[in-house]
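Protein chains: 2
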Amino acid sequence: MSVKLKDIAEQTGFSINTVSRALRDDRRLSDATRNKIKVAAEEMGYIRNILAESMRSNKSRTIGVIFADSANPFYAEVIQGIEERARRLKYSILLINIGEQAENERKAVRLLLGRQVDGLVIAPVYKDRENLALYQSLSVPFIMVGRYIEGLKSHSILHGDAEGQAMAFEHLLRRGHKKILYIAGPKNISNTIDRMEGMKLAYEKYALQIDESYIFESSGHMDDGYRLASQALERGLFFTAVVCFNDLLAFGVLKALHEKSISVPDDMEIIGFDNLAMSRFMQPGLTTVDVPKNHLGQKAVEELVYHIEDATYPYNTIHMKPRLIHRETTLDSHIQSLKTLE
Amino acid sequence: MSVKLKDIAEQTGFSINTVSRALRDDRRLSDATRNKIKVAAEEMGYIRNILAESMRSNKSRTIGVIFADSANPFYAEVIQGIEERARRLKYSILLINIGEQAENERKAVRLLLGRQVDGLVIAPVYKDRENLALYQSLSVPFIMVGRYIEGLKSHSILHGDAEGQAMAFEHLLRRGHKKILYIAGPKNISNTIDRMEGMKLAYEKYALQIDESYIFESSGHMDDGYRLASQALERGLFFTAVVCFNDLLAFGVLKALHEKSISVPDDMEIIGFDNLAMSRFMQPGLTTVDVPKNHLGQKAVEELVYHIEDATYPYNTIHMKPRLIHRETTLDSHIQSLKTLE
DNA sequence: TTATTCTATGTTAACGTTAACCCATGAGTG
DNA sequence: CACTCATGGGTTAACGTTAACATAGAATAA
Numbered sequence: 001m002s003v004k005l006k007d008i009a010e011q012t013g014f015s016i017n018t019v020s021r022a023l024r025d026d027r028r029l030s031d032a033t034r035n036k037i038k039v040a041a042e043e044m045g046y047i048r049n050i051l052a053e054s055m056r057s058n059k060s061r062t063i064g065v066i067f068a069d070s071a072n073p074f075y076a077e078v079i080q081g082i083e084e085r086a087r088r089l090k091y092s093i094l095l096i097n098i099g100e101q102a103e104n105e106r107k108a109v110r111l112l113l114g115r116q117v118d119g120l121v122i123a124p125v126y127k128d129r130e131n132l133a134l135y136q137s138l139s140v141p142f143i144m145v146g147r148y149i150e151g152l153k154s155h156s157i158l159h160g161d162a163e164g165q166a167m168a169f170e171h172l173l174r175r176g177h178k179k180i181l182y183i184a185g186p187k188n189i190s191n192t193i194d195r196m197e198g199m200k201l202a203y204e205k206y207a208l209q210i211d212e213s214y215i216f217e218s219s220g221h222m223d224d225g226y227r228l229a230s231q232a233l234e235r236g237l238f239f240t241a242v243v244c245f246n247d248l249l250a251f252g253v254l255k256a257l258h259e260k261s262i263s264v265p266d267d268m269e270i271i272g273f274d275n276l277a278m279s280r281f282m283q284p285g286l287t288t289v290d291v292p293k294n295h296l297g298q299k300a301v302e303e304l305v306y307h308i309e310d311a312t313y314p315y316n317t318i319h320m321k322p323r324l325i326h327r328e329t330t331l332d333s334h335i336q337s338l339k340t341l342e
Numbered sequence: 001m002s003v004k005l006k007d008i009a010e011q012t013g014f015s016i017n018t019v020s021r022a023l024r025d026d027r028r029l030s031d032a033t034r035n036k037i038k039v040a041a042e043e044m045g046y047i048r049n050i051l052a053e054s055m056r057s058n059k060s061r062t063i064g065v066i067f068a069d070s071a072n073p074f075y076a077e078v079i080q081g082i083e084e085r086a087r088r089l090k091y092s093i094l095l096i097n098i099g100e101q102a103e104n105e106r107k108a109v110r111l112l113l114g115r116q117v118d119g120l121v122i123a124p125v126y127k128d129r130e131n132l133a134l135y136q137s138l139s140v141p142f143i144m145v146g147r148y149i150e151g152l153k154s155h156s157i158l159h160g161d162a163e164g165q166a167m168a169f170e171h172l173l174r175r176g177h178k179k180i181l182y183i184a185g186p187k188n189i190s191n192t193i194d195r196m197e198g199m200k201l202a203y204e205k206y207a208l209q210i211d212e213s214y215i216f217e218s219s220g221h222m223d224d225g226y227r228l229a230s231q232a233l234e235r236g237l238f239f240t241a242v243v244c245f246n247d248l249l250a251f252g253v254l255k256a257l258h259e260k261s262i263s264v265p266d267d268m269e270i271i272g273f274d275n276l277a278m279s280r281f282m283q284p285g286l287t288t289v290d291v292p293k294n295h296l297g298q299k300a301v302e303e304l305v306y307h308i309e310d311a312t313y314p315y316n317t318i319h320m321k322p323r324l325i326h327r328e329t330t331l332d333s334h335i336q337s338l339k340t341l342e
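So the protein sequences, as listed, match chains A and B. For the first sequence, my numbering assigns the number 1 to the initial residue and increments by one for each residue that follows. For the second sequence, my numbering assigns the number 1 to the initial residue and increments by one for each residue that follows.
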């Protein structure tokens, strides 16, 4: 069996409690005692039983992490940030994927509560009466990353969905595009709603009407981008630019355009969202809205731990700034003006 | 405070133990009692304290997962498989990233042991005397995914690194390529060694010599692919094909080639490894060696749980079959033969 | 009938740790 | 010299659950 405090106590002649204190660096013990015990523990290969510690101290140093899909490159980077920061702060993370299903989200929360997590980091499904009630009565702190749910927005860290999407559209509208295809995201998450809102803001700014037939719904995956763009082209829909809910969709769109021999950005401009690591390496490099993914995860944990360690710490929505990253799927204003002169 | 067994016991009039049994579906209780207790538990919003359960039963239903970087799309997909299967088997996963550092790997193992995990799934650093000793004396079952370490190969689930890399090279050598650039992976992992071995096998098969100056070391990231390919070209190194340790490197290489206006596959053929989800959407679509990533993760958990539940279950290396996926960065034999006729 | 086995439940202890409280000793204080 | 107080450590109980054993009554068998 493994080494326990009891074994170290017997070995060193101190009581179990003294051993426990020594290993927790309790200053009320003499240096000599503390060192003697620590050395013995090290020699005996002692590993503290965190389960027992958690049980007794009522603090598990564990954070539950609930996402739709950890393999999605966007979430993968957020999770990376979460793991990194949690590890640094001496917390461990329990990861659960829920595939955008509100019911799975509830199950995940309950499971994690059963595991006595000290807090939760969640990318929640947007609208679900039952979930709202669940969160409102939740016994542990929780932070929502990159998304929010109505009524609990103060728990969210957001990255300017509306603002970012507006920037993307403005970049195109300003330069005269009239027919822009918008491939939207899954309808049960806040990002889809906010980005749609951003699109509207941009159109309003330029006093232009949105043609609803240019808005497609999607799951946010590459295949959908490919499929929807292909279909639109095959049906003869006329457009000069495509804005995508995220980069993955844009990858699919690029593939479709290439197959139809439509030249990007000359005949068609494309803008994504998220600025995934791969987006820079696409051919051509994808113009997109940058979101600080890793930082988002780190910040979420940081805030969460504040709440865990201080129950009075207030919840306030945190906003991060999106940035439009110009690459090769759009023409920048300079080049555009040159072309206009030709 | 939260509802405990004690509360349900008081509410229903049964003993704590009977309540515990009822909620665990113990068949020795009468249906009436079991139902009454379950209904009461449900009504009272009882959530079982898994920590306490784990403490007492000496089984945490937790699996520790140790990878270099969960944001790497390859591992992200493996982890997805792990999470999926673990969840289905009622296990939770604790995730730790170690960045290919042997020392971090040791720390992670110890941390997870402290958390009383029932088993580990690891992508280990290849060669480290201390780690070998650690694993040899490990008190819980462990499965290594996609990699192995010397002396413990039976714990691994592998996907034919040598075989897959040989297939890639053979495809090129068979069709007459003489100067093939190979961008290898990080040197402290088994994949790099085995894939290098696969390359050698292919050259031997065609009785050709390997020119060491065509082998570059890398970290396996996109930037390295870009940087190394750019450098090779700038230095005037002559080659007609590039084989990459993984798809990420290939993405970087494609970018570099495009910048130099080298046409793929006509002037240069490229083969990657891993068949990431994005590889199909690259422009041109990347020819690569497919590895069943999600399945690898699922299988790892499946095997691990066999070991957890039956200590006599034997360790045997499991081999999965790689497949060469022909896409647009290579010319297939048919097209090649047509070109030859020109 | 009486012994035996089942069935359904209760009682007690334990998992390994930490919290809360207690107690000796000796130094410093007035 | 008695008193306080800090120092260094021990004792006991508790966290919430399950394992192991015990038991009472009913059903069955001989």
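Even for Gly, the Cβ is constructed at its ideal location relative to N, Cα and C.
Min CB distance F238(A) to chain B below 7 Å:
no
Once the 5 residues before and after I188(B) are set aside, which same chain residues still bring their CB inside 7 Å of it?
Contrary to the premise, residue 188(B) reads as Asn rather than Ile in this sequence. Same-chain partners within the cutoff: E100, V125, Y126 and K127.
Taking a Cβ distance cut-off of 7 Å, strictly less, list which residues of the stretch 114 to 146 of chain B are near chain A, in chain order.
G114, R115, Q116 and S139
Proximal residues of chain B, C-beta to C-beta of R87(A) below 8 Å
I96 and N97
Which first and last residues belong to the alpha helix (DSSP H) in which D31(B) is found?
D31 to M44
Taking the straight line between their C-alpha atoms, what separation do you get for H221(B) and I63(A)?
29 Å
Per the contact definition of three or more C-beta pairs closer than 8 Å, is the stretch 42 to 52 of chain B in contact with the stretch 111 to 121 of chain A?
Yes, the stretch 111 to 121 of chain A is in contact with the stretch 42 to 52 of chain B.
Would you say S57(B) faces chain A, with C-beta separation under 7 Å as the test?
Judged by the 7 Å Cβ criterion, S57(B) is not in contact with chain A.
Pick helix, strand or coil for M268(B), following the three-state DSSP scheme.
coil
Would I47(B) count as contacting chain A if we go by Cβ distances under 7 Å?
yes
Extent of the continuous beta strand (DSSP E) run through V243(A):
A241 to C244
Under a three-way DSSP split, which group does I98(B) fall into?
coil
Since S2(A) meets chain B, which of its residues come closer than 7 Å, beta carbon to beta carbon?
S139
Pick from A241(A), F273(A) and M278(A): whose alpha carbon is nearest that of I262(A)?
Per the C-alpha coordinates, the member of A241(A), F273(A) and M278(A) positioned closest to I262(A) is A241(A).
For I16(B), which option in D26(B), K4(B) and R27(B) has the closest C-alpha, if you only look at C-alpha atoms?
K4(B)
R88(B) in three-state terms, based on DSSP
Three-state DSSP puts R88(B) in a helix.
Identify the contact partners of H258(B) in chain A, using a Cβ-Cβ distance below 7 Å as the criterion.
Q283
Start-to-end residues for the beta strand (DSSP E) that takes in R323(B):
R323 to I325
Any beta carbon from chain B within less than 7 Å of L228(A)'s own beta carbon?
no
Using a Cβ-Cβ cutoff of less than 7 Å, which residues in the same chain neighbour I414(B) once the five nearest sequence positions on both sides are dropped?
Since the first residue of chain B shown is 1 and the last is 342, residue 414(B) is not available in this structure.
Return the chain-ordered ranges of every beta strand (DSSP E) run that is complete within the stretch 162 to 191 of chain A and spans a minimum of 3 residues.
180 to 183
Please work out which residues of its chain come closer than 6 Å, Cβ to Cβ, to I325(B), disregarding the five sequence neighbours upstream and downstream, and give them in chain order.
N275, T288 and D290
Determine the extent of the beta strand (DSSP E) in which G64(A) is found, giving its start and end residues.
T62 to F67 is the span of the beta strand (DSSP E), which, as asked, contains G64(A).
Is the Cβ-Cβ distance between Y315(A) and S154(A) less than 7 Å?
yes
Is Q209(B) close to chain A, meaning its C-beta is less than 7 Å from at least one C-beta of that chain?
no
Distance cutoff 7 Å, beta carbons only. Does S261(A) sit that close to anything in chain B?
no
Considering only residues of the same chain and omitting the five flanking positions on each side of E163(A), which have a CB-CB separation below 7 Å?
In its chain, beyond the 5 residues on either side, G198 and P322 have a beta carbon closer than 7 Å to the beta carbon of E163(A).
Under three-state DSSP, which class holds Q336(B)?
For Q336(B), the predicted structure reports a pLDDT of 45, less than 50, and the residue's modelled location is therefore unreliable. A value from the coordinates is still provided. Looking at Q336(B) - three-state DSSP - the assignment turns out to be helix.
First and last residue of the beta strand (DSSP E) that includes V253(B)?
Premise fails: V253(B) lies in the alpha helix (DSSP H), D247 to E259, not in any beta strand (DSSP E).
Return the residue from the list I270(A), F281(A) and A32(A) that minimises the CA-CA distance to L331(A).
I270(A)
Quick one: what's got a C-beta closer than 7 Å to S156(A)'s C-beta in the same chain, skipping five residues either side?
M144, R147, Y148 and T317
Output, in chain order, the set of chain A residues within a Cβ distance shorter than 8 Å of F251(B).
M278 and F281
By Cβ distance below 6 Å, which residues in the same chain neighbour L111(B) in space, the five residues on each side in sequence not counted?
none
Please check if any C-beta of chain B sits within less than 7 Å of the C-beta of I50(A).
yes
Should the stretch 56 to 72 of chain B be called in touch with the stretch 26 to 36 of chain B, which here means at least 3 C-beta pairs below 8 Å?
Contact fails: fewer than three Cβ-Cβ distances are below 8 Å.
From R174(B) to M278(B), what distance separates their C-alpha atoms?
28 Å
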